[in-house]
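**Q** First the structure, then my questions, so here it is.
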Amino acid sequence: MNPTQILTGERALKAYVLLILLFLALPILIVVPLAFSNDVSLTFPPHGFSLRWFGNILARREFGSAFLNSAMIACISTAIAMVIGILSAIAFVRFQFPGRETLLLLFMTPLIFPAIVFGAAVALMLSPLGLLRSVWGLTLAHTVLIFPYILRTSLATLFEIDKSLHEAAYTLGANRWQTFRYVILPLLRPGLLAGATFSLIISFDEFTVSMFLVGPGLMTLPLEMYNYSEFSLDPTIAAISTVLLVITSIAILIIEKLVGLGKQFS
Amino acid sequence: MSAAADAAGVRLTGVKKWYGQVPAVRDVSLGIEPGEMVCLLGPSGCGKTTTLRMVAGLENPDAGEIRIGSTLVNGLAPWKRNLGMVFQNYALFPHMTVFENVAFGLNMRRLPAAEVRRQVDAAMAQVRLAAFGERRPSELSGGQRQRIALARAIVTKPSVLLLDEPLAALDKKLREQMQVEIKQLQRQVGVTTIFVTHDQEEALTLSDRIVVMDEGRIVQIGTPSEVYERPRSRFVSDFIGFTNSVSGRVNSIDGAFTRVTIASGQVVTVPSGAGIAAGDAVDLVIRPEKIVVDPTGLVDRSVIPGTLAHMVYTGAVTYYHVDIGGGAILIAMAPNPDLHDLPALGSPVALGFKPDNMLIFPRRAES
Numbered sequence: 001m002n003p004t005q006i007l008t009g010e011r012a013l014k015a016y017v018l019l020i021l022l023f024l025a026l027p028i029l030i031v032v033p034l035a036f037s038n039d040v041s042l043t044f045p046p047h048g049f050s051l052r053w054f055g056n057i058l059a060r061r062e063f064g065s066a067f068l069n070s071a072m073i074a075c076i077s078t079a080i081a082m083v084i085g086i087l088s089a090i091a092f093v094r095f096q097f098p099g100r101e102t103l104l105l106l107f108m109t110p111l112i113f114p115a116i117v118f119g120a121a122v123a124l125m126l127s128p129l130g131l132l133r134s135v136w137g138l139t140l141a142h143t144v145l146i147f148p149y150i151l152r153t154s155l156a157t158l159f160e161i162d163k164s165l166h167e168a169a170y171t172l173g174a175n176r177w178q179t180f181r182y183v184i185l186p187l188l189r190p191g192l193l194a195g196a197t198f199s200l201i202i203s204f205d206e207f208t209v210s211m212f213l214v215g216p217g218l219m220t221l222p223l224e225m226y227n228y229s230e231f232s233l234d235p236t237i238a239a240i241s242t243v244l245l246v247i248t249s250i251a252i253l254i255i256e257k258l259v260g261l262g263k264q265f266s
Numbered sequence: 267m268s269a270a271a272d273a274a275g276v277r278l279t280g281v282k283k284w285y286g287q288v289p290a291v292r293d294v295s296l297g298i299e300p301g302e303m304v305c306l307l308g309p310s311g312c313g314k315t316t317t318l319r320m321v322a323g324l325e326n327p328d329a330g331e332i333r334i335g336s337t338l339v340n341g342l343a344p345w346k347r348n349l350g351m352v353f354q355n356y357a358l359f360p361h362m363t364v365f366e367n368v369a370f371g372l373n374m375r376r377l378p379a380a381e382v383r384r385q386v387d388a389a390m391a392q393v394r395l396a397a398f399g400e401r402r403p404s405e406l407s408g409g410q411r412q413r414i415a416l417a418r419a420i421v422t423k424p425s426v427l428l429l430d431e432p433l434a435a436l437d438k439k440l441r442e443q444m445q446v447e448i449k450q451l452q453r454q455v456g457v458t459t460i461f462v463t464h465d466q467e468e469a470l471t472l473s474d475r476i477v478v479m480d481e482g483r484i485v486q487i488g489t490p491s492e493v494y495e496r497p498r499s500r501f502v503s504d505f506i507g508f509t510n511s512v513s514g515r516v517n518s519i520d521g522a523f524t525r526v527t528i529a530s531g532q533v534v535t536v537p538s539g540a541g542i543a544a545g546d547a548v549d550l551v552i553r554p555e556k557i558v559v560d561p562t563g564l565v566d567r568s569v570i571p572g573t574l575a576h577m578v579y580t581g582a583v584t585y586y587h588v589d590i591g592g593g594a595i596l597i598a599m600a601p602n603p604d605l606h607d608l609p610a611l612g613s614p615v616a617l618g619f620k621p622d623n624m625l626i627f628p629r630r631a632e633s
């Protein structure tokens, strides 16, 4: 290949990558301008500029309460999943026990199990317990859903912690708890932070499973948005989406600054 | 050398350890004096690291007793043993500064902050890294990490210092420098030290006594010169230093002396070895530096003639590979004190050795 050919090849590759990025970002590029549209319906390109759809979010109380529900469920289920996830990860990394591989596989199933089947199953299970249309039922379901994410990031981080660091701490006079508190936990922190962020986003965003468990008086934000868009297709939905986009972007940026997000996918 | 006030002896009695069905340590008994520096030497898988880890409390023995000072430590958690340990990869805490690393053991002992600072500063000065407190371990070179790991291990004034292949990760030059530093530091502190290595040179340089291990057992304990000069078995003589070996058959035994017919047909007289009878197949073993090339004018030497087959010139010394007939090659090492002409390949050479320096062992079974 001569230099000109290589140059053409490079250009083609750049154009290709750009095209893919554009394709991935296109929905976002459309939704944001729509939020500031002055039209009464969702049409692209938007005409005029207005902030009234953001005003509408605040005016309609159901969005506020759905937002609070979603935020609370995301926080509580993440907190529970983190405690269970870290402890399970430690057990998987430090101990050999019968059924270890099977259990690990079982814990990971929510990642691959069809959400619609899982949702129906959870609804059938929670109904006789009286946990249908209850915040606690929903929190429980979300905990199960996000648990694998926490477990995975904890496992990845724990595997990177050299066993001799435990042993060094022991020989220096630190007991098990002190070793965990002063050596292991600080080293786990970046991984846990990343796992927690993903969990918060996934729980907040969850639709399919939640659909089976919500009802009058208990709505999550994604479902409230869906309900709203069934009756009125105005840019309010685009405005909410924009708000969520901003919140998520800030969270991702913070994580990236703190720990480097790329590491969590390798 | 005076032992520090809190240096403790270590005594292992009949210690055994299995990993599943595999015996890692079989019946090790060993006494280490307060302030002594003892090396566990052997090939990988000989049980030396397992033995060290049992002293540390990181493994529990399946049988036998381990005492540190007068305390029986079987089953005692490692954090209750007042030890210092340096790991092969140093195991410095990556999220802490160098200062925090060294301070860790003192903080676990709940010393007041001012006292922690004073002792950490002293320890870091002792390893000549006083100005490095605020750095992260990742910002240090290999030798510096090694020294910080040492400072962290000794700052708590441990009753025993354990070193697990402490120099294996360093290059040759740095390793030699660190050997000297470790030895000096150990003398200064006076702490009882056990270290594990597979490097015989390290063992010879650093130890007061060497414990040679093979297949989970102790095969010889002695000072470096005892182990080097008077190895008790072929295994020890092969493992420590380079050895020549010539096979032969015992001709006759006359009290302290044994006459052996070697492969080339010559008869050599050597000091008698234990458990060897007339007619036995034996190996005669001698170190290259105990063989003199051209022993003209020297007394008390047995002489074997041969022809020079090969030469390896290494600067300070030259190795002469001499064919003594019957397929046997003896290697002699001689220093190069003056600029001199080396003999030509193929020329006749006479080799001389003191019979005392020739050791006799039963012929090793072919494996």
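Which chain is which? The protein sequence lines are L and W, in order.
Mapping to the working numbering: the first sequence position 252 is 252, numbers consecutive.
Each number in the working numbering comes from the position in the second sequence (counting from 1) with 266 added on.
We put the beta carbon where it would ideally sit given N, CA and C, even for glycine.
#1: Take the Cβ of Phe92(L) as the centre, count every other Cβ of all protein chains shown within 10 Å, and call the residue buried at 16 or more, exposed below.
#2: Check the DSSP bridge columns for Ser518(W) and list the partner residues they point to.
#3: Please classify Gln96(L) as buried or exposed, where buried requires at least 16 neighbouring CB atoms within 10 angstroms.
#4: So, is Asn367(W) buried or exposed, given that buried needs 16 or more other C-beta atoms within 10 angstroms?
#5: Is there a C-beta anywhere in chain L that falls below 8 Å from the one on Phe461(W)?
#6: Please name the residue or residues paired with Asp299(L) in a DSSP beta bridge.
#7: When DSSP builds the beta bridges, which residues end up paired with Pro283(W)?
#8: In chain W, what lies closer than 7 Å to Ser164(L) by C-beta?
#9: So what's Val421(W) in DSSP terms, helix, strand or just coil?
#10: Give me whichever residues DSSP pairs with Leu625(W) in a beta bridge.
#11: I want to verify the contact list: residues of chain L whose CB lies under 7 Å from the CB of Arg375(W), in sequence order.
#12: Between which two residues does the beta strand (DSSP E) harbouring Thr634(W) extend?
#13: What residues from the region 182-199 of chain L come within 9 Å of chain W, judged by C-beta to C-beta, listed N to C?
#14: Give me the chain W residues within the contact set of Gln96(L), using Cβ-Cβ distance strictly less than 9 Å, ordered along the chain.
#15: Are Tyr585(W) and Leu574(W) closer than 8 Å when you measure CB to CB?
#16: Hey, quick one: how far does the beta strand (DSSP E) through Ser164(L) stretch, first residue to last?
#17: Are Leu34(L) and Leu42(L) touching if we call contact CB-CB under 8 Å?
#18: Answer yes or no: does any C-beta atom of chain L fall closer than 8 Å to that of Thr317(W)?
#19: Give the range of the alpha helix (DSSP H) segment to which Phe231(L) is assigned.
#20: Residues of chain W with CB closer than 8 Å to the CB of Glu167(L), please, in chain order.
#21: Is there a Cβ of chain L sitting closer than 8 Å to that of Thr422(W), yes or no?
#22: What did DSSP end up calling Gly85(L) once you bin it into helix, strand or coil?
#23: With a threshold of 8 Å between beta carbons, is Gly371(W) in contact with chain L?
#24: Skipping 5 residues on each side, what residues in its chain have a beta carbon closer than 7 Å to that of Leu155(L)?
#25: According to the Cβ coordinates, are Gly592(W) and Ile552(W) closer than 8 Å?
#26: List the residues of chain B that His361(W) touches, going by C-beta distances under 9 Å, in chain order.
#27: Once the 5 residues before and after Arg383(W) are set aside, which same chain residues still bring their CB inside 6 Å of it?
#28: For Gly323(W) and Ser210(L), I'd like the C-alpha separation in whole angstroms.
#29: What whole-angstrom Cβ distance do Thr458(W) and Leu427(W) have, given they're in contact under 8 Å?
#30: Alpha carbon to alpha carbon, how far is Gly507(W) from Glu646(W)? Give it in angstroms, no decimals.
#31: When the Cα atoms are used, what is the spatial distance from Val588(W) to Leu550(W)?
#32: For Gly48(L) and Val32(L), I'd like the C-alpha separation in whole angstroms.
#33: Applying a beta-carbon distance threshold of less than 7 Å, which residues of chain W neighbour Gln178(L)?
#34: Within a Cβ cutoff of 6 Å, which residues of the same chain sit near Val558(W), ignoring the five residues on either side of it in sequence?
#35: Flag this pair as yes or no: are the beta carbons of Tyr356(W) and Gln443(W) separated by less than 8 Å?
**A** On the basis of the supplied data:
#1: In the first sequence, residue 92(L) corresponds to position 92, counting from 1. Buried.
#2: Within the second sequence, residue 518(W) is the residue found at index 252, counting from 1. In DSSP, Ser518(W) forms a bridge with Arg525(W).
#3: For this step, residue 96(L) is matched to residue 96 along the first sequence. So Gln96(L) ends up on the exposed side.
#4: In the second sequence, residue 367(W) corresponds to position 101, counting from 1. Burial call: buried.
#5: If you number the second sequence from 1, residue 461(W) lands on position 195. It does not; no Cβ of chain L falls within 8 Å.
#6: Nothing about residue 299(L) can be reported from this structure: the residues present for chain L run from 1 to 266 only.
#7: To locate residue 283(W), count along the second sequence from 1; it is residue 17. It should be pointed out that residue 283(W) corresponds to Lys in this sequence rather than to Pro. Per DSSP, Val291(W).
#8: Here residue 164(L) corresponds to residue number 164 of the first sequence, with the count starting at 1. Neighbours of Ser164(L) on chain W, chain order: Phe353, Asn355, Ala357.
#9: For the purposes of this step, residue 421(W) is taken as residue 155 along the second sequence, with counting starting at 1. For Val421(W), the three-state secondary structure derived from DSSP is coil.
#10: Mapped onto the second sequence, residue 625(W) falls at position 359. Leu625(W) is bridged by DSSP to Val551(W).
#11: The residue given as residue 375(W) occupies position 109 in the second sequence. Chain L residues near Arg375(W): Gly173.
#12: Chain W is shown from 267 up to 633; residue 634(W) falls before or after that span and cannot be answered.
#13: Residues Tyr182, Val183, Pro186, Leu187, Arg189.
#14: For the purposes of this step, residue 96(L) is identified with residue 96 of the first sequence, where counting begins at 1. The contacting residues do not exist; Gln96(L) stays about 11 Å from chain W at best.
#15: One-based indexing of the second sequence puts residue 585(W) at position 319. One-based indexing of the second sequence puts residue 574(W) at position 308. Cβ distance not < 8 Å, so Tyr585(W) and Leu574(W) don't count as in contact.
#16: For the purposes of this step, residue 164(L) is identified with residue 164 of the first sequence, where counting begins at 1. Note, Ser164(L): premise wrong, no beta strand (DSSP E); alpha helix (DSSP H) at 163-171.
#17: Residue mapping note: residue 34(L) aligns to position 34 of the first sequence, counting from 1. Residue mapping note: residue 42(L) aligns to position 42 of the first sequence, counting from 1. Judged by beta-carbon spacing, Leu42(L) lies within the 8 Å limit of Leu34(L), meaning their Cβ atoms are closer than that value.
#18: Locating residue 317(W) in the second sequence gives position 51, counting from the first residue. No, no contact with chain L.
#19: Residue numbering aside, residue 231(L) sits at position 231 when the first sequence is read from its first letter. That run of the alpha helix (DSSP H) goes 221-231.
#20: For the purposes of this step, residue 167(L) is identified with residue 167 of the first sequence, where counting begins at 1. The answer, in chain order, is Ala322, Leu324, Pro344, Met351, Phe353, Ala357.
#21: Here the question's residue 422(W) lines up with position 156 in the second sequence. Closer than 8 Å to some Cβ of chain L, the Cβ of Thr422(W) qualifies, so yes.
#22: Within the first sequence, numbered from 1, the residue matching residue 85(L) stands at position 85. In the structure shown, the three-state DSSP call for Gly85(L) is helix.
#23: Stepping through the second sequence from its first residue, residue 371(W) is reached at position 105. Yes, because at least one Cβ of chain L sits closer than 8 Å to the Cβ of Gly371(W).
#24: As a working mapping, residue 155(L) is identified with position 155 in the first sequence. Ala89, Phe92, Val93.
#25: The residue given as residue 592(W) occupies position 326 in the second sequence. The residue given as residue 552(W) occupies position 286 in the second sequence. The answer is no: Cβ separation not under 8 Å.
#26: Absent from the structure: chain B. Protein chains present are L and W.
#27: Here residue 383(W) is taken as the residue at index 117 of the second sequence, counted from 1. Result list for Arg383(W): empty, nothing under 6 Å.
#28: As a first step, residue 323(W) is located in the second sequence; it is residue number 57 there, counting from the start. As a first step, residue 210(L) is located in the first sequence; it is residue number 210 there, counting from the start. So the two alpha carbons sit approximately 51 Å from each other.
#29: Counted from its first residue, the second sequence places residue 458(W) at position 192. Counted from its first residue, the second sequence places residue 427(W) at position 161. That belief holds up - the Cβ atoms of Thr458(W) and Leu427(W) are roughly 7 Å apart, short of 8 Å.
#30: Because chain W is modelled from 267 through 633, residue 646(W) falls outside the range shown and cannot be assessed.
#31: The residue labelled residue 588(W) in the question sits at position 322 within the second sequence. The residue labelled residue 550(W) in the question sits at position 284 within the second sequence. Going by the C-alpha atoms only, they are around 16 Å apart.
#32: On the first sequence, residue 48(L) is found 48 positions in, with the first residue counted as 1. On the first sequence, residue 32(L) is found 32 positions in, with the first residue counted as 1. Distance between the alpha carbons of Gly48(L) and Val32(L): 14 Å.
#33: Translated into the one-based positions of the first sequence, residue 178(L) becomes position 178. Listed along the chain, the chain W residues whose CB falls inside 7 Å of the CB of Gln178(L) are Met374.
#34: For this step, residue 558(W) is matched to residue 292 along the second sequence. The answer, listed in chain order, is Gly618.
#35: Your numbering for residue 356(W) matches position 90 in the second sequence. Your numbering for residue 443(W) matches position 177 in the second sequence. Their beta carbons are not under 8 Å apart, which means Tyr356(W) does not touch Gln443(W) by this criterion.
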